[in-house]
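Visitor: From first to last, the protein sequence lines are chains P and V.
Residues 212 to 534 in the working numbering are what the first sequence spells out, letter by letter.
Residues 212 to 534 in the working numbering are what the second sequence spells out, letter by letter.
Protein chains: 2
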Amino acid sequence: MMPSMREAVDRLSPDIRRVVAYHLGWIDADGREVIEPGGKAVRPALTYACAEAVGAAPEAATPGAVAVELVHNFSLLHDDVMDRDTERRHRPTAWALMGEGEAILAGDALLALAQERLIDPPTPERLRAAAALSEATADMITGQAQDLSFERRDDVGFDECVAMLANKTAALLACSCRLGAILGGGSAESVEALGAFGRWLGIAFQAVDDILGIWGRPEVTGKPVHSDLRQRKKSLPVVAALEAGGSPAEDIRRMLTSEGDLDEEALALTAKLVEENGGRSRAQEVAADALARALASLDASLPSGRSRDSLLEISNFITAREF
Amino acid sequence: MMPSMREAVDRLSPDIRRVVAYHLGWIDADGREVIEPGGKAVRPALTYACAEAVGAAPEAATPGAVAVELVHNFSLLHDDVMDRDTERRHRPTAWALMGEGEAILAGDALLALAQERLIDPPTPERLRAAAALSEATADMITGQAQDLSFERRDDVGFDECVAMLANKTAALLACSCRLGAILGGGSAESVEALGAFGRWLGIAFQAVDDILGIWGRPEVTGKPVHSDLRQRKKSLPVVAALEAGGSPAEDIRRMLTSEGDLDEEALALTAKLVEENGGRSRAQEVAADALARALASLDASLPSGRSRDSLLEISNFITAREF
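1) Can you check whether the CB of E400 of chain P is closer than 9 Å to the CB of S512 of chain P?
2) With a threshold of 9 Å between beta carbons, is V292 of chain P in contact with chain V?
3) What's the gap between the Cα of P255 of chain V and the Cα of R337 of chain V?
4) Buried or exposed, going by whether 16 or more other CB atoms sit within 10 Å of the CB of K483 of chain V?
5) Do you know offhand how far V220 of chain V's Cα is from M351 of chain V's?
6) What residues in the stretch 406-421 of chain V bring their beta carbon closer than 7 Å to a beta carbon of chain P?
7) Can you tell me whether DSSP reads R364 of chain V as helix, strand or coil?
8) Mapping the DSSP letters down to three states, classify F534 of chain V as helix, strand or coil.
9) Give the secondary structure of I422 of chain P by DSSP, where H, G and I count as helix, E and B as strand, and everything else as coil.
10) Could you spell out where the alpha helix (DSSP H) holding V485 of chain V opens and where it closes?
11) At what residue ranges does the stretch 360-418 of chain P contain a whole run of the alpha helix (DSSP H), taking only runs of 4 or more?
12) Please report the straight-line C-alpha distance between G413 of chain V and Q495 of chain V, rounded to a whole angstrom.
13) Mind checking which residues open and close the alpha helix (DSSP H) that includes E263 of chain V?
14) Between A278 of chain V and the rest of its own chain, which residues show a CB-CB distance below 6 Å, the 5 nearest in sequence each way excluded?
15) What do you reckon, are the CB atoms on L405 of chain V and S508 of chain V nearer than 9 Å?
16) Classify R504 of chain P as helix, strand or coil using the three-state DSSP reduction.
17) Does P448 of chain V have its Cβ less than 9 Å from a Cβ in chain P?
18) Could you pull out every residue in the same chain whose Cβ sits closer than 7 Å to the Cβ of F416 of chain P, ignoring the five residues on either side in sequence?
19) Mind checking N527 of chain V: buried by the 16 CB within 10 Å criterion, or exposed?
20) Restricting to Cα atoms, I'd like to know which of P:P225, P:A392, P:E371 is closest to E270 of chain P.
21) Name the one or two DSSP bridge partners that P303 of chain V has.
22) Closer than 8 Å between beta carbons: that is the criterion. Which residues of the stretch 319-345 of chain V meet it against chain P?
23) Among the candidates P:L394, P:M466, P:I463, whose CA atom is the shortest distance from the CA of A260 of chain P?
24) Establish whether the CB of G395 of chain P and some CB of chain V are separated by less than 9 Å.
25) Which residues share a DSSP beta bridge with I238 of chain P?
26) Along the alpha helix (DSSP H) that carries D462 of chain P, what are the first and last residues, could you check?
27) Considering only residues of the same chain and omitting the five flanking positions on each side of S438 of chain V, which have a CB-CB separation below 6 Å?
28) With C-beta atoms as the reference, is A262 of chain P less than 9 Å away from S215 of chain P?
29) For the stretch 514-526 of chain V and the stretch 464-482 of chain V, state whether three or more C-beta atom pairs, one from each stretch, are separated by less than 8 Å.
30) In chain P, which residues lie with their C-beta within 8 Å of the C-beta of H289 of chain V?
31) Could you confirm whether any beta carbon from chain V is found closer than 9 Å to the beta carbon of E218 of chain P?
32) What residues from chain P crowd round Q355 of chain V, counting only those whose CB sits closer than 7 Å?
33) What residue range does the alpha helix (DSSP H) around T432 of chain P cover?
34) Taking Cβ positions only, does R254 of chain P come closer than 9 Å to chain V?
35) Please state if the CB of R410 of chain P and the CB of A505 of chain P are separated by a distance shorter than 9 Å.
36) Got a sec: is the Cβ-Cβ distance from D226 of chain V to anything in chain P below 9 Å?
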């Protein structure tokens with residue numbers, strides 16, 4: 212992965228490359244190279260494993276792995292600006308450190324680069340992959356727009372919240388799998404089945420992320436405790452607790468619509484109310500159900516083998532994060 | 212043009228479509244349809260005329276005309292956010308009216324849509340067009356990054372300012388011409404020649420725009436008088452006047468780096484100093500020289516015919532705007 216990502220990013224102009232390299236954790240705030248950049252790169256891992264799953268050498272999937280990672284980072288750069296998030300992975304976000312315009316442009320450049328690289332050279336597989344990536348990108352943007360619109364509304368339902376995260380998060384994970392299967396020359400059926408696996412995995416992933424956003428420990432999440440409540444996000448547990456109604460829902464709503472910053476006590480109380488009103492368990496049900504469906508898709512399409520083990524390992528890694 | 216633009220925009224999800232429709236002037240701030248949206252659409256006009264120039268029916272160019280207009284509007288949406296511009300064509304900008312996140316997402320959606328539509332179906336011509344569009348998009352983003360970096364620097368030279376606007380503005384105008392020639396099935400030579408025409412025209416266009424940004428009348432520009440000075444933009448006339456040095460340059464520099472808003476008197480004085488120190492005439496030389504080169508490219512590749520007349524008319528329209 213690393214070499215081909217570096218090669219793609221090296222095509223950017225110096226001003227933009229600097230922002231991207233910082234965002235990706237390749238350089239620090241002073242421009243010094245980071246020795247072990249790390250980073251989980253779940254999406255490329257899915258792409259490679261799905262190419263293997265259809266019997267191809269993982270290298271066949273490289274253009275897809277690079278493309279999904281570029282699109283993912285385009286969305287992180289822009290989402291951080293929109294959500295006014297100042298920290299990511301224990302470091303200042305790119306916009307907070309380098310400027311908002313710079314982060315917007317860096318995201319734009321990654322989106323443009325992803326499509327450009329994927330269709331060059333334009334083999335039939337790469338063109339199918341590009342069409343799948345376009346669709347997923349559009350879904351992802353739609354999901355983020357839905358998420359933004361939720362902030363202004365006080366009648367967000369649980370089902371539309373799940374639909375939003377299917378767009379915002381699951382579409383690109385599904386696409387990561389599809390691209391591996393497509394570039395590996397898989398049949399239409401295996402592209403579908405592995406895509407379904409990725410989609411359900413994505414929903415499980417986001418449900419877990421929403422739980423961690425309230426109850427996750429800062430060491431695990433890289434964010435302050437109660438982070439999503441602090442930002443008054445209408446995440447899955449919150450929406451579920453609001454939908455459950457009653458006086459706890461009224462208390463939660465009052466807290467979320469109050470003026471000024473919420474102090475630690477108010478945050479802890481809100482988290483407790485969300486949990487008592489069933490928000491946490493309902494989000495956990497979504498995660499468990501989606502994970503079961505993901506594994507069922509996998510069983511149907513890929514009953515055994517090394518790539519199955521890889522995919523199970525990735526599933527485990529992204530859904531069984533410590534709370 | 213209009214029907215195919217509408218058709219493309221109709222593919223966006225409702226939240227995003229609303230922002231785009233407002234930005235494009237199709238609906239007003241209350242969501243009511245605007246009867247005569249107007250808008251100049253110079254880029255699609257170039258694309259159509261260049262398809263005709265290589266002997267094709269203009270319809271052959273429609274996918275390219277839509278793509279360049281989408282990419283152009285992606286950049287306007289994002290540039291307005293980055294430059295904090297609150298007005299465009301006598302209306303509040305999309306971000307100012309509808310929110311910054313909304314405008315960023317709408318831009319993202321247009322960029323993704325442009326590539327998606329252009330390669331569907333993936334004929335050889337469309338793929339060549341997509342590669343040209345990717346290159347131009349990357350150049351445009353690079354140009355905007357250069358422009359942003361200029362704001363932080365006080366040593367911007369005239370030549371790098373011209374290089375910046377060649378990226379920021381001229382690359383997409385060149386691409387608009389190339390796409391018409393490519394989709395019209397033109398030879399490599401005519402694609403090159405019409406691309407060169409578009410590129411020089413783009414430089415002339417931006418030089419004129421920079422002159423209008425200081426000395427243009429609000430009725431013509433749709434912006435307040437001395438708009439670029441108010442925003443302390445390092446536009447072509449300002450950079451030329453600074454590079455000319457002497458005490459006027461020092462006075463201009465002092466004004467541009469002063470704290471707080473510049474009042475009308477200070478703005479008028481700065482405009483006068485920029486003019487007296489040769490900034491206006493040097494920008495006019497760039498515009499005149501670029502226009503001459505554009506017309507020379509046209510003479511070489513297209514000595515006569517209806518499409519030549521169209522291209523001359525567009526040249527005239529965008530460079531001879533009233534000051």
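Don't be surprised by glycine CBs; every beta carbon is placed ideally from N, CA and C.
Guide: The structure says:
1) Here residue 512 of chain P corresponds to residue number 301 of the first sequence, with the count starting at 1. Here residue 400 of chain P corresponds to residue number 189 of the first sequence, with the count starting at 1. Taking 9 Å as the Cβ cut-off, S512 of chain P and E400 of chain P qualify as a contacting pair.
2) What you label residue 292 of chain P is simply residue 81 of the first sequence in a count that begins at 1. Chain V has a Cβ within less than 9 Å of the Cβ of V292 of chain P.
3) Position 44 of the second sequence, counted from the start, is the residue given in the question as residue 255 of chain V. Position 126 of the second sequence, counted from the start, is the residue given in the question as residue 337 of chain V. Cα-Cα distance, rounded: 16 Å.
4) Along the second sequence, one-based indexing puts residue 483 of chain V at 272. In the assembly as shown, K483 of chain V is an exposed residue. Its beta-carbon has fewer than 16 other beta-carbons within 10 Å.
5) Here residue 220 of chain V refers to the residue found at position 9 of the second sequence. Here residue 351 of chain V refers to the residue found at position 140 of the second sequence. Taken atom to atom, the span from the alpha-carbon of V220 of chain V to that of M351 of chain V is near 22 Å.
6) Cβ contacts with chain P: none found.
7) As a first step, residue 364 of chain V must be located in the second sequence, where it is residue number 153. DSSP places R364 of chain V in coil when its eight states are reduced to three.
8) As a first step, residue 534 of chain V is located in the second sequence; it is residue number 323 there, counting from the start. The predicted model places F534 of chain V with a pLDDT of 48, which falls under 50 and marks its position as unreliable; any figure quoted below should be read in that light. Three-state result, F534 of chain V: coil.
9) Taking the first sequence and counting its residues from 1, one reaches residue 422 of chain P at position 211. Annotated three-state conformation of I422 of chain P is helix, per DSSP.
10) Counting from one through the second sequence, the residue named residue 485 of chain V turns up at place 274. Element bounds for V485 of chain V: 475-487.
11) With a minimum length of 4 residues, the continuous alpha helix (DSSP H) runs that stay inside the stretch 360-418 of chain P are 369-376, 382-394.
12) Translated into positions along the second sequence, residue 413 of chain V becomes position 202. Translated into positions along the second sequence, residue 495 of chain V becomes position 284. When only Cα atoms are considered, G413 of chain V and Q495 of chain V end up about 14 Å apart.
13) Looking up residue 263 of chain V in the second sequence gives position 52. Start and end: 253-264.
14) Within the second sequence, numbered from 1, the residue matching residue 278 of chain V stands at position 67. Spatial neighbours of A278 of chain V in its own chain (CB-CB distance under 6 Å, excluding positions within 5 residues in sequence) are listed in chain order as A325, L329, L344.
15) Walking along the second sequence from the start, residue 405 of chain V turns up at place 194. Walking along the second sequence from the start, residue 508 of chain V turns up at place 297. Yes, they are a contact pair.
16) Position 293 of the first sequence, counted from the first residue, corresponds to residue 504 of chain P. In the three-state scheme derived from DSSP, where H, G and I count as helix and E and B as strand, R504 of chain P is classed as helix.
17) Here residue 448 of chain V is taken as the residue at index 237 of the second sequence, counted from 1. Closer than 9 Å to the CB of P448 of chain V there is not a single CB belonging to chain P.
18) Along the first sequence, read from residue 1 onward, the residue named residue 416 of chain P stands at position 205. In the same chain as F416 of chain P, and ignoring 5 residues on each side of it, the C-beta atoms closer than 7 Å to its own belong to T380, L384, I529, T530, in chain order.
19) As a first step, residue 527 of chain V must be located in the second sequence, where it is residue number 316. The residue in question, N527 of chain V, is exposed, as its Cβ has fewer than 16 Cβ neighbours within 10 Å.
20) The count along the first sequence starts at 1 and reaches residue 270 of chain P at position 59. Across the set P:P225, P:A392, P:E371, the C-alpha of P:A392 shows the shortest separation from the C-alpha of E270 of chain P.
21) Within the second sequence, the letter at position 92 stands for residue 303 of chain V. Beta-bridge pairing links P303 of chain V to V:E298.
22) Only those residues of the stretch 319-345 of chain V whose C-beta falls short of 8 Å from the nearest C-beta of chain P are listed: D319, A320, L322, A323, L324, Q326, E327, I330, D331, P333, L338, A341, A342, S345.
23) Position 49 of the first sequence, counted from the start, is the residue given in the question as residue 260 of chain P. Out of P:L394, P:M466, P:I463, P:L394 has the C-alpha closest to the C-alpha of A260 of chain P.
24) What you label residue 395 of chain P is simply residue 184 of the first sequence in a count that begins at 1. Using a Cβ-Cβ cut-off of 9 Å, G395 of chain P does not count as an interface residue toward chain V, since no Cβ of chain V sits closer than that to its own.
25) Stepping through the first sequence from its first residue, residue 238 of chain P is reached at position 27. Answer is P:E244, bridged to I238 of chain P.
26) Counting from 1 along the first sequence, the entry for residue 462 of chain P is found at position 251. First-last of the alpha helix (DSSP H) with D462 of chain P: 457-468.
27) In the second sequence, the residue the question calls residue 438 of chain V occupies position 227. Hits under 6 Å: G424.
28) Sequence index remark: in the first sequence, residue 262 of chain P carries index 51 (1-based). Sequence index remark: in the first sequence, residue 215 of chain P carries index 4 (1-based). Result no, Cβ atoms of A262 of chain P and S215 of chain P do not sit closer than 9 Å.
29) Taking 8 Å as the limit for Cβ pairs, the verdict is that the stretch 464-482 of chain V does not touch the stretch 514-526 of chain V.
30) Start at 1 with the first residue of the second sequence, and residue 289 of chain V comes out as number 78. The answer, in chain order, is I315, L316, D319.
31) Sequence index remark: in the first sequence, residue 218 of chain P carries index 7 (1-based). No, E218 of chain P lies away from the interface with chain V (no Cβ there is under 9 Å from its Cβ).
32) Counting from 1 along the second sequence, the entry for residue 355 of chain V is found at position 144. Contact of Q355 of chain V with chain P by beta-carbon distance below 7 Å involves L316.
33) Here residue 432 of chain P refers to the residue found at position 221 of the first sequence. Here the alpha helix (DSSP H) through T432 of chain P covers 429-432.
34) Indexing the first sequence from 1 puts residue 254 of chain P at position 43. R254 of chain P has a beta carbon lying at 9 Å or more from every beta carbon in chain V.
35) Here residue 505 of chain P is taken as the residue at index 294 of the first sequence, counted from 1. Here residue 410 of chain P is taken as the residue at index 199 of the first sequence, counted from 1. Result yes, Cβ atoms of A505 of chain P and R410 of chain P sit closer than 9 Å.
36) On the second sequence, residue 226 of chain V is found 15 positions in, with the first residue counted as 1. Residue contact with chain P for D226 of chain V: present (Cβ-Cβ distance below 9 Å to some residue of chain P).
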